[in-house]
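Asks: The numbering of the sequence shown is our numbering, which starts it at 3 and goes up by one.
Every residue gets a Cβ at the ideal spot worked out from N, C-alpha and C, and that includes glycine.
One structure coming up, written as structure tokens, with questions to follow.
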Amino acid sequence: MKISVVSKKLWCVHKQLILLLTPLVFLPLIFTLPEKEGKCLYVVVLMAMFWCTEALPLAVTAMLPVCLFPTLGILPAKMVCPQYFIETNFLFLSGLVMASSIEEWGLHRRIALKVLSIVGVKPAWLILGMMMTSSFLSMWLSNTATTAMMLPIANAILESLFGDLETLKLNCKTPEDHESAVINGQSSVKLHSLPSVTSEKQILSMESTDVPEQTDLRTAEEIRSESQYQLKVWKGFLICIPYAASIGGTATLTGTAPNLILIGQLKSYFPDCDLINFGSWFAFAFPLMAIFLFLGWLWISFLYGGLNTRLCFTKHDQRAQAEARAKALIQEDYKKLGPVSFAEGAIAFFFVLFAILLFTRDPKFVTGWSVFFKKGYVSDAVTGVIIVSILFFFPSQKPSLSWWFDPQASNTTYVPLLSWKKAQDSVPWNIIMLLGGGFAMAKACEESGLASWIGGHLQPLAEVPPAAAVMLITAFLACFTEFASNTATIIIFLPVIAELAIHVSVNPLYFMIPATVGCSYAFMLPVSTPPNSIAFASGHLMVKDMVRTGFVMNILGVLSVSLAMNTWGVAMFNLNTLPEWAKPLNKSALLTDVHFSPVQLLNATL
């Protein structure tokens, strides 16, 4: 049998082989390391392998702690199971329910079209508008939903600006390309478009048919040059949306799963640390997001031809006519939405109230409204659940007292802003299981002593300056998450990073925050994130486009995080000192490390 045939057959069963061989290959860990630490490391490695290779569905792998930790004697079931629905998961759930209500009544579409009508239709401004809208929506909606909603809008605007994509591609070809295409039987290019594009485009009105066509007097070379420019701009539009969605998700705690993993693991490792909540995180991460978004816009606009003199000067040519048509398209589609309905206004009100209450509960730099309640009792999860619970009974139609006294009025069924069926269908329960699995793993690493054991072996890294370590950690995790789920990545590495910070006497937040943010900076490959995959599925982007653009985006992201951590991050979280809430763990970590001398142990206990 040929090697190629065997390799194909092996690939067909590679997931089953991973499931069978991984437990056997790493079995020596149980017998060669200290008992409890070895068993915990064995489970962590198994889960890491299954997460990275997706040999099992991510949610199924996340449930392994429920069976493995109790049976191996690491943690009892009564300590493992509660980790799957702790307070942080309720905050995440409330954010998802709020997002589903926004999508239910189309408020996100109104916001998107309004922003695009404000920024203008020149390519660079439209790219900025797309990125601003995508990043804002992904702060509250999922990154995937934001990308899936914005791409059809972008495609409709682009077709109004540049015409049909297939015609544009044909115009880009030289005569020699046309001849070779005919010889090879490839006279046309077929694209694999998103399933949702067609239905969305039916909603978006296309270019009006009553506009008289003008005779094109340009030479073939001019047409080809212009088409190549337009094709570059089209790529810039498609690639900016998933990137902006990933960046925007970092600005709020509920925007992406790694942020919630950070909160959950902080509460597990450092119960006395109360520095991170919705308000303080937003105050730190929103300026970081804005800076990175601006730098990303400059890079994408530069790379794909959006930055030119047309930004500052108006020219009356064919491009200007196309821009006028695109502007008319956006305005027409916004008008089609009609006036703001009662339901949209109500959702907008509760959405703003949701954000304000979360932000002002305990923002740290000023006194929040939580002081009116017993200290430590009201959290962000409580706030979120209160607001979203109202959505299930608040009416979607304007109430009227006259209805009660009018026998002729229609007796329609009462419809709330959100039904439980809609909320249930919108919630990605697999992500909630994934969060729970991460919290269970973190709890086991802490209770078994594995985190301290690993931290002790990272002592040589104490020689690296903390500022350089921040950049290395961010860059490493940004690269690692190109190939693995960002949630799985932060679950695996955050306990190790926390112990590393303790062993080098650095504020744990100084390392943990960059690691968390860096996990969302996956820009280089189509498989890195679902938004990247959706954009790539349009059929117009190539892998080399994403690698070229994403590589520089990763560098800009690392530099932005480093800037944030060493400027306003230091001031907000007092990162220059090792806080009191981290010192008890520091003592236990030092005492369990057999590599320290008696003098060091004595100093640690004083």
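Here's the rule: buried if 16 or more other CB atoms are within 10 angstroms of the residue's CB, otherwise exposed. What is H16?
Replies: Exposed: under 16 other Cβ atoms inside 10 Å.
Asks: Can you tell me the Cα-Cα spacing of A480 and G347, whole angstroms?
Replies: Distance between the alpha carbons of A480 and G347 is about 39 Å.
Asks: Taking Cβ to Cβ, would you say P67 is nearer than 9 Å to M443?
Replies: Yes. Within cutoff.
Asks: Kindly list the residues whose CB is nearer than 7 Å to the CB of V572, restricted to its own chain and excluding five residues on each side of it in sequence; keep chain order.
Replies: Cβ neighbours of V572 beyond the five flanking positions: N578.
Asks: Quick check: is any heavy atom of the ligand HEM less than 8 Å from the C-beta of G378?
Replies: Summarising the ligand content, the structure contains no ligands, and the ligand HEM is consequently not present.
Asks: Between which two residues does the alpha helix (DSSP H) harbouring F351 extend?
Replies: F351 -> alpha helix (DSSP H) spans F344 to T362.
Asks: Less than 8 Å between C-beta atoms, sequence neighbours within five positions excluded: which residues of the same chain meet that for I332?
Replies: Answer for I332: L115, L118, S119, V123 and I159, listed in chain order.
Asks: Buried or exposed: where does I5 fall if 16 or more other Cβ atoms within 10 Å of its Cβ makes it buried?
Replies: Exposed: under 16 other Cβ atoms inside 10 Å.
Asks: Can you tell me the Cβ-Cβ gap for A253 and F284, rounded? I've got them flagged as a contact below 8 Å.
Replies: Going by Cβ atoms, the distance from A253 to F284 rounds to 7 Å, so yes, they are a contact pair.
Asks: Rounded C-beta distance between A486 and W53? I'm assuming under 8 Å.
Replies: Between W53 and A486 the Cβ distance is about 6 Å, and since that is below 8 Å, they are a contact.
Asks: Run the CB neighbour count on Y416, radius 10 Å, all protein chains shown included, and call it buried at 16 or more, exposed below.
Replies: Y416 is exposed by the Cβ-count criterion.
Asks: Hey, is the stretch 384 to 395 in contact with the stretch 93 to 113, meaning 3+ C-beta pairs nearer than 8 Å?
Replies: As far as the Cβ criterion goes, the stretch 384 to 395 touches the stretch 93 to 113, which means the pair count is three or higher.
Asks: If contacts are defined as beta-carbon pairs under 8 Å, then M133 and G307 qualify, I think. What distance do you get, rounded to the angstrom?
Replies: Rounded, the Cβ-Cβ distance is 16 Å, inconsistent with contact.
Asks: Return the Cβ separation of S564 and V472 in integer angstroms, given the expectation that the two are a contact with Cβ distance under 8 Å.
Replies: 6 Å between Cβ atoms; contact.
Asks: Among L60, A50 and L48, which residue has its Cα nearest to the Cα of N432?
Replies: Among L60, A50 and L48, the Cα nearest to that of N432 is on L60.
Asks: State the Cα-Cα distance for the pair L77 and F441, rounded to the nearest angstrom.
Replies: When rounded, the distance between both Cα atoms is 13 Å.
Asks: What's the gap between the Cα of D276 and the Cα of I494?
Replies: Spanning the two alpha carbons is a distance of roughly 23 Å.
Asks: With a Cβ-Cβ cutoff of 9 Å, do F525 and P468 count as a contact?
Replies: No, the Cβ-Cβ distance between F525 and P468 is not below 9 Å.
Asks: Whole angstroms are fine: how far does the CA of E105 sit from the CA of E449?
Replies: C-alpha separation (whole angstroms): 42 Å.
Asks: Is it the case that the Cβ atoms of C521 and P260 are separated by a distance below 9 Å?
Replies: The answer is yes: Cβ separation under 9 Å.
Asks: Taking buried to mean at least 16 other C-beta atoms within 10 Å of its own C-beta, is D242 buried or exposed?
Replies: According to the sequence shown, residue 242 is Cys rather than Asp. Classification for C242: buried.
Asks: On the DSSP bridge list, what partners appear for P418?
Replies: Note: P418 sits in a beta bridge opposite P397.
Asks: Find the nearest neighbour of P32 within the set S421, G75 and H542, judged by alpha-carbon distance.
Replies: The residue asked about is misnamed: residue 32 is Ile in this sequence, not Pro. The shortest Cα separation from I32 among S421, G75 and H542 belongs to G75.
Asks: Closer than 7 Å by C-beta to F87: which residues in its own chain qualify, once you throw out the five before and the five after it? Chain order, please.
Replies: Excluding residues within five positions, the ones whose Cβ falls inside 7 Å are G438.
Asks: Name the residue from T491, V519, T483 and A490 whose alpha carbon lies nearest to the alpha carbon of P528.
Replies: Among T491, V519, T483 and A490, the Cα nearest to that of P528 is on T483.
Asks: Tell me the DSSP secondary structure of G370 in three-state form.
Replies: Residue state, collapsed to three classes: coil.
Asks: Roughly how many angstroms lie between the CA atoms of V429 and M435, to the nearest whole one?
Replies: Roughly 12 Å separates the two Cα atoms.
Asks: Which whole runs of the alpha helix (DSSP H) in the stretch 81 to 139 are 4 residues long or more, in chain order?
Replies: Complete alpha helix (DSSP H) runs here, min 4: 89 to 106 and 109 to 121.
Asks: List the endpoints of the continuous alpha helix (DSSP H) containing K17.
Replies: Residues H16 to V27.
Asks: Roughly how far, in whole angstroms, is the beta-carbon of M291 from the beta-carbon of S137, given that I think they are within contact range, below 8 Å?
Replies: Confirmed, about 7 Å.
Asks: The alpha helix (DSSP H) spanning H542 covers which residue range?
Replies: Unbroken run through H542: none, as it is neither H nor E.
Asks: Considering E270, what are the terminal residues of the alpha helix (DSSP H) in which it resides?
Replies: It should be pointed out that residue 270 corresponds to Ser in this sequence rather than to Glu. Counting along the chain, the alpha helix (DSSP H) containing S270 begins and ends at A259 to Y271.
Asks: Just the Cα atoms here: how many angstroms apart are L305 and N556?
Replies: Cα to Cα, L305 sits roughly 15 Å from N556.
Asks: Out of P510, K269, G552 and M151, point me to the one whose CA is closest to L580's CA.
Replies: Measuring from the Cα of L580, the nearest candidate turns out to be P510.
Asks: Which residues mark the beginning and the end of the alpha helix (DSSP H) in which V46 is found?
Replies: Start and end: E37 to T55.
Asks: Could you have a look at A524 and say whether DSSP puts it in helix, strand or coil?
Replies: DSSP places A524 in coil when its eight states are reduced to three.
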